[in-house]
Amino acid sequence: MNQAVITNGGVSVKKIDPKTMESKLQKNVYFAGEVLDVDALTGGFNLQIAFSTGYAAGKAAAKGTDMKQIAIDGPAGAGKSTVAKILAERLDYMYVDTGAMYRTIALACIRKGIDLADEAAVSKVCAEADISIKYENGVQVMYLDGENVSEAIRNEEVSKAASDTSKFLKVRERLVQMQRDLTKEYNVIMDGRDIGTAVLPDATLKIYLTASVQVRAERRYKEYKEKGIACELEEIKKDIEQRDHNDMTREISPLRKADDAVEVDTSDLTIDEVVQKIIDLWK
-18 MNQAVITNGG VSVKKIDPKT MESKLQKNVY FAGEVLDVDA LTGGFNLQIA
32 FSTGYAAGKA AAKGTDMKQI AIDGPAGAGK STVAKILAER LDYMYVDTGA
82 MYRTIALACI RKGIDLADEA AVSKVCAEAD ISIKYENGVQ VMYLDGENVS
132 EAIRNEEVSK AASDTSKFLK VRERLVQMQR DLTKEYNVIM DGRDIGTAVL
182 PDATLKIYLT ASVQVRAERR YKEYKEKGIA CELEEIKKDI EQRDHNDMTR
232 EISPLRKADD AVEVDTSDLT IDEVVQKIID LWK
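Residues in the sequence shown are numbered consecutively from -18, following my numbering.
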């Protein structure tokens, strides 16, 4: 020990994001240098580790303080995605469609033909699936095993499957980490079910967007009709009611309004009115 240049031990690198050196257990805590459990042969390796990790941690910590987030939560059909996309364009922020991520996992499970109620099987597919997010011409594109599935995930079967599979812990853990990673690089607007309560609890602004079940069902019906998708209004209404129940009663990160969120009921508002209301809150 008296002659040691570097010793074993320290913070496990498994608990550190290698891109930013941020702790995976505690947000806004960064580790660098020999406090990490990293060692190598003598000859400057330990110095290089100290320099490189110190640079990465410092850069990420400084940048992290500048990033802003708008979190939009609410039930299906409330207009979250539509409003979030317009806001992102007007504010020049990155729009993160978290629902598309869960739909991609659901599509992977459907293609594997597994029982969507089998948590172990769903978790295995989630762990093994090659899922990535790319931004092409400013638009979020989802890739599954190298295939662009942005259109394939937009149907009622995948929507229902996403509601079933998103309740499992391993699914949420993987996708929440992906979502948080994006906030380190961009100012973001993120919509979903638990953004303000679980994914981005320190978001700069939190919005809870809602609307009556009837209005939400009519919106979804109109959307499907415009795309040429066969559907029945009453069936869509039942599906929305069931999805609300599933989202609000699931054990992990249920849908609820964050204590510091502003509720916006869109039932009797136009899209432009909703967008302007949120921009006014943002200002």
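Ideal Cβ placement from N, Cα and C applies to all residues, glycine included.
Query                                                                                                      : Result
Cβ separation of residue 258 and residue 189, assumed to be a contact under 8 Å, to the nearest whole Å    : Rounded, the Cβ-Cβ distance is 13 Å, inconsistent with contact.
Local Cβ density within 10 Å of residue 78, reported as buried at 16 or more and exposed below that        : buried
Segment contact, 8 Å Cβ cut-off, at least three pairs: the segment 204 to 212 with the segment 155 to 165  : no
C-alpha gap between residue 1 and residue 264, whole angstroms                                             : 30 Å
Cβ of residue 133 within 8 Å of any chain B Cβ                                                             : Absence of chain B from the displayed structure is noted, only one protein chain being present.
Secondary structure of residue 109, DSSP reduced to three states                                           : helix
DSSP beta-bridge partners of residue 191                                                                   : 246
Contact under 8 Å by Cβ, residue 74 with residue 180                                                       : no
6 Å Cβ shell around residue -11 - same chain, five flanking residues per side excluded                     : 20
Neighbour-count burial assignment, residue 138, 16 or more Cβ in a 10 Å radius                             : exposed
Residue 115 - partner residues in DSSP beta bridges                                                        : 122
Cβ neighbour criterion (16 or more within 10 Å) applied to residue 34                                      : buried
Host beta strand (DSSP E) of residue 77 (start-end)                                                        : 75 to 78
Range covered by the alpha helix (DSSP H) that runs through residue 10                                     : First-last for residue 10: undefined, no H or E at that position.
Per-residue burial, residue 176 [other beta carbons within 10 Å of its own, 16 or more giving buried]      : buried
Inter-stretch contact at 8 Å, needing at least 3 Cβ pairs: the segment 217 to 235 / the segment 141 to 154 : yes
Distance between residue 115 and residue 80 (C-alpha atoms, nearest Å)                                     : 15 Å
Under the three-state DSSP convention, the category residue -18 falls into                                 : coil
Straight-line gap, residue 247 to residue 13 (C-alpha atoms, nearest Å)                                    : 47 Å
Continuous alpha helix (DSSP H) assignments of at least 4 residues falling wholly in the segment 24 to 75  : 26 to 45 and 61 to 72
Those residues which DSSP pairs with residue 127 across a bridge                                           : BP columns for residue 127 are empty, so no partner.
Local conformation of residue 169 per DSSP, three classes                                                  : strand
DSSP bridge partner residues for residue 222 (one or two, in chain order)                                  : In the DSSP output, where bridge partners are listed per residue, residue 222 has none listed.
Residue from 102, 61 and 9 whose Cα sits closest to the Cα of residue 251                                  : 61
Test item: CB-CB of residue 85 and residue 112 under 8 Å                                                   : yes
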